[in-house]
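Peer 1:
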């Protein structure tokens, strides 16, 4: 099939590359000339394992191309995916200006029947807005060209996006026409060879499914973090509690890892958007608001533990930070707990020495040469003369560190483990003061 993907960000680029990998001819379009130049030079603007190799392989094979020329993309494609950003507005709602601008431009250029696919995460009812915008433009042109609007939300996890796309748990298609559903089913058939994972439903159900999925996952994270707080207070071990509840097949183990809160481009934005959607209908979404509140509070837990150990005034203190991205295998720091923690420690008078395996360029952009934030070349360099280590992102290389080296480099043997990576008994036997999330501390009897 001949496809166009409008927007060459995380979702658009991954989708385009994976469709090309399965034999489709894909044109990726973006208005950002620098991004397109970078992609045409074989450079990838985001960090996603395996994506650069896949992109370059399919460009070389002639199945994948990048351009700023929307007309060519529209003329040569039967199915057009809209995968542009939907950043949150001040009220938490999804900003649809880029989605509607893409729809308008498609309608201004199309001369034959098209299937328009919303791949961006959009509120319920957006397909109707896209359809109306396109009809408006076609009427202004004085032409009557048939088209269909489809909802096809993405369910990609940063760090494993290629596997998620190539081997999906499900492919959700929202359409009111049987023949359009069959066309979309055929497009995804090569990704679902072992069993049919394509779920065709009405458009609004498809749009809601994306938000419901992310909201439920965020709820699981906030729930286990809430339980970790109670474990802290009562001397229970949340890791053991997690095993106790996760073994129940109705609950499962996924997304019940306690930590310092969720971040990234999806969960925070989608929870806000879903709350706004509820507000628009006069419904008070108590659970969603609590999920958001618990998450905001959880991002402060390491700071609170630091203050409990060192006191409320942290002037003159230096803290080593391991991990800046909101999760491993990405350089994404949007809504990352690390940013909240670092800014709060700085406000309390501390200096930061930080390291992340891939997010250092993004960190340099965010902290913008702040003299209180020193970006280091390695995790061990960050430890030199620091008063304590704060582990924030659970990168693999942090899982089995050299604790003797850590002890030698730190001014005091103190570790705040925001991801419960280490065995408390072993670390404390090595002479460290060790603080984790929802795990017994020596002062809890």
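Numbering (the working numbering), first residue to last: 5 to 449. For every residue, glycine included, the Cβ atom is placed at its ideal position computed from N, Cα and C.
Please state whether DSSP places residue 421 in a helix, a strand or coil.
Peer 2: Locating residue 421 in the chain shown gives position 417, where the first residue counts as 1. It is a strand residue.
Peer 1: Would the stretch 364-375 and the stretch 292-300 be scored as touching if the rule is three or more Cβ pairs under 8 angstroms?
Peer 2: Judged by Cβ distances under 8 angstroms, the stretch 364-375 makes no contact with the stretch 292-300, as fewer than three pairs qualify.
Peer 1: To the nearest angstrom, report how far apart residue 363 and residue 383 are at their CA atoms.
Peer 2: Working through the chain shown from its first residue, we reach residue 363 at position 359. Working through the chain shown from its first residue, we reach residue 383 at position 379. Distance between the alpha carbons of residue 363 and residue 383 is about 13 angstroms.
Peer 1: Nearest CA to the CA of residue 53: which residue from 237, 395, 106, 160?
Peer 2: Your numbering for residue 53 matches position 49 in the chain shown. Comparing Cα positions, the closest option is 160.
Peer 1: Is the separation between the beta-carbon of residue 437 and that of residue 313 shorter than 8 angstroms?
Peer 2: Working through the chain shown from its first residue, we reach residue 437 at position 433. Working through the chain shown from its first residue, we reach residue 313 at position 309. Yes, the Cβ-Cβ distance between residue 437 and residue 313 is below 8 angstroms.
Peer 1: What residue range does the beta strand (DSSP E) around residue 358 cover?
Peer 2: By one-based count along the chain shown, residue 358 stands at place 354. Counting along the chain, the beta strand (DSSP E) containing residue 358 begins and ends at 355-359.
Peer 1: If we count the other Cβ atoms within 10 Å of its Cβ and call it buried at 16 or more, is residue 242 buried or exposed?
Peer 2: Position 238 of the chain shown, counting from 1, holds the residue named residue 242. By the 10 Å Cβ count, residue 242 comes out buried.
Peer 1: Would you grab the beta carbon distance between residue 33 and residue 10 for me? Rounded to a whole angstrom, and I think it's under 8 angstroms.
Peer 2: On the chain shown, residue 33 is found 29 positions in, with the first residue counted as 1. On the chain shown, residue 10 is found 6 positions in, with the first residue counted as 1. With 8 angstroms as the limit, residue 33 and residue 10 qualify as a contact, their Cβ atoms being about 5 angstroms apart.
Peer 1: According to DSSP, is residue 206 helix, strand or coil?
Peer 2: Counted from its first residue, the chain shown places residue 206 at position 202. It is coil, neither helix nor strand.
Peer 1: How about residue 267 and residue 330: are their beta carbons less than 8 angstroms apart?
Peer 2: Taking the chain shown and counting its residues from 1, one reaches residue 267 at position 263. Taking the chain shown and counting its residues from 1, one reaches residue 330 at position 326. A contact, by the Cβ cut-off of 8 angstroms.
Peer 1: So residue 29 is in the beta strand (DSSP E); what residue range does that whole segment cover?
Peer 2: The residue labelled residue 29 in the question sits at position 25 within the chain shown. 29-33 is the span of the beta strand (DSSP E), which, as asked, contains residue 29.
Peer 1: Return the chain-ordered list of same chain residues with a C-beta closer than 8 angstroms to the C-beta of residue 311, the five sequence neighbours on each side being excluded.
Peer 2: Position 307 of the chain shown, counted from the first residue, corresponds to residue 311. These residues qualify, in order along the chain: 318, 352.
Peer 1: Determine whether the beta carbon atoms of residue 149 and residue 180 lie at a separation below 8 angstroms.
Peer 2: In the chain shown, counting from the first residue as 1, residue 149 sits at position 145. In the chain shown, counting from the first residue as 1, residue 180 sits at position 176. No, the pair does not count as a contact, with Cβ atoms beyond the cut-off.
Peer 1: What residues in its chain sit with their C-beta under 8 angstroms from that of residue 405, if we drop five residues either side in the sequence?
Peer 2: Within the chain shown, the letter at position 401 stands for residue 405. For residue 405, where only same-chain residues beyond five positions count, the Cβ hits under 8 angstroms are 383.
Peer 1: In angstroms, rounded to a whole number, what distance separates the CA positions of residue 430 and residue 247?
Peer 2: Within the chain shown, residue 430 is the residue found at index 426, counting from 1. Within the chain shown, residue 247 is the residue found at index 243, counting from 1. Approximately 20 angstroms between the Cα atoms of the pair.
Peer 1: Between the stretch 406-413 and the stretch 269-278, do three or more beta carbon pairs fall short of 8 angstroms?
Peer 2: No, the stretch 406-413 does not touch the stretch 269-278.
Peer 1: To the nearest angstrom, how far is it from the Cα of residue 47 to the Cα of residue 56?
Peer 2: Locating residue 47 in the chain shown gives position 43, where the first residue counts as 1. Locating residue 56 in the chain shown gives position 52, where the first residue counts as 1. Going by the C-alpha atoms only, they are around 7 angstroms apart.
Peer 1: Can you list, in chain order, the stretches of the beta strand (DSSP E) that have 3 or more residues and sit fully within the stretch 289-374?
Peer 2: With a minimum length of 3 residues, the continuous beta strand (DSSP E) runs that stay inside the stretch 289-374 are 322-326, 355-359.
Peer 1: In terms of alpha-carbon separation, which member of 334, 328, 316 lies closest to residue 378?
Peer 2: For the purposes of this step, residue 378 is identified with residue 374 of the chain shown, where counting begins at 1. Taking only the C-alpha atoms, the option nearest residue 378 is 328.
Peer 1: From the DSSP secondary-structure annotation, give me the bridge partner or partners of residue 152.
Peer 2: Position 148 of the chain shown, counted from the first residue, corresponds to residue 152. Note: residue 152 sits in a beta bridge opposite 119.
Peer 1: Determine the contact status of residue 121 and residue 166, defining contact as a CB-CB distance below 8 angstroms.
Peer 2: Working through the chain shown from its first residue, we reach residue 121 at position 117. Working through the chain shown from its first residue, we reach residue 166 at position 162. No, these two residues do not count as a Cβ contact at 8 angstroms.
Peer 1: To the nearest angstrom, report how far apart residue 228 and residue 445 are at their CA atoms.
Peer 2: By 1-based counting over the chain shown, the position of residue 228 is 224. By 1-based counting over the chain shown, the position of residue 445 is 441. Computed Cα separation, rounded: 18 angstroms.
Peer 1: Quick one: residues in its chain with C-beta nearer than 7 angstroms to the C-beta of residue 66, no 5 flanking neighbours on either side, listed in chain order?
Peer 2: One-based indexing of the chain shown puts residue 66 at position 62. Hits under 7 angstroms: none found.
Peer 1: Mind the definition here: the stretch 92-103 touches the stretch 125-135 only if three or more C-beta pairs lie below 8 angstroms; say whether that holds.
Peer 2: Enough Cβ pairs lie closer than 8 angstroms, so yes.
Peer 1: Is it right to say residue 158 is buried, meaning 16 or more other beta carbons lie within 10 angstroms of its own, or is it exposed?
Peer 2: As a working mapping, residue 158 is identified with position 154 in the chain shown. When all chains shown are included, residue 158 counts as buried.
Peer 1: Please list, in chain order, all residues of the same chain as residue 240 whose beta carbon is under 8 angstroms from its beta carbon, the five residues on each side excluded.
Peer 2: Numbered from its first residue, the chain shown carries residue 240 at position 236. Closer than 8 angstroms at the Cβ level, and outside the excluded window around residue 240, lie 234, 442, 444.
Peer 1: What separation, rounded to the nearest whole angstrom, lies between the Cα atoms of residue 400 and residue 425?
Peer 2: Within the chain shown, the letter at position 396 stands for residue 400. Within the chain shown, the letter at position 421 stands for residue 425. For residue 400 and residue 425, the distance between alpha carbons rounds to 10 angstroms.
Peer 1: By the 10 Å Cβ neighbour count, where 16 or more other Cβ atoms means buried, how is residue 449 classified, buried or exposed?
Peer 2: The residue you call residue 449 lines up with position 445 of the chain shown. Any reading at residue 449 must be qualified, since the residue scores a pLDDT of 38, below 50, and its modelled position is unreliable; no value is offered.
Peer 1: Between 21, 106, 395, 309, which has its C-alpha nearest residue 326's C-alpha?
Peer 2: Counting from 1 along the chain shown, the entry for residue 326 is found at position 322. It is 395 whose Cα lies nearest to the Cα of residue 326.
Peer 1: Around the Cβ of residue 1, are there at least 16 other Cβ atoms within 10 angstroms (buried) or fewer (exposed)?
Peer 2: Absent from the model: residue 1. The displayed extent of the chain is 5 to 449, so no value can be given.
Peer 1: Alpha carbon to alpha carbon, how far is residue 140 from residue 35? Give it in angstroms, no decimals.
Peer 2: Walking along the chain shown from the start, residue 35 turns up at place 31. Walking along the chain shown from the start, residue 140 turns up at place 136. Whole-angstrom Cα-Cα distance: 23 angstroms.
Peer 1: Which residue marks the beginning of the beta strand (DSSP E) containing residue 8, and which one marks its end?
Peer 2: The residue given as residue 8 occupies position 4 in the chain shown. 6-10 is the extent of the beta strand (DSSP E) around residue 8.
Peer 1: What is the rounded straight-line gap between the Cα of residue 62 and the Cα of residue 393?
Peer 2: Counted from its first residue, the chain shown places residue 62 at position 58. Counted from its first residue, the chain shown places residue 393 at position 389. Cα-Cα distance, rounded: 43 angstroms.
Peer 1: Quick one: measure Cβ to Cβ for residue 130 and residue 154, integer angstroms, because I've assumed they're closer than 8 angstroms.
Peer 2: Locating residue 130 in the chain shown gives position 126, where the first residue counts as 1. Locating residue 154 in the chain shown gives position 150, where the first residue counts as 1. Contact flag wrong, Cβ pair sits at about 12 angstroms.
Peer 1: If you follow the beta strand (DSSP E) that residue 287 is in, where does it begin and where does it stop?
Peer 2: Start at 1 with the first residue of the chain shown, and residue 287 comes out as number 283. Element bounds for residue 287: n/a, residue is neither H nor E.
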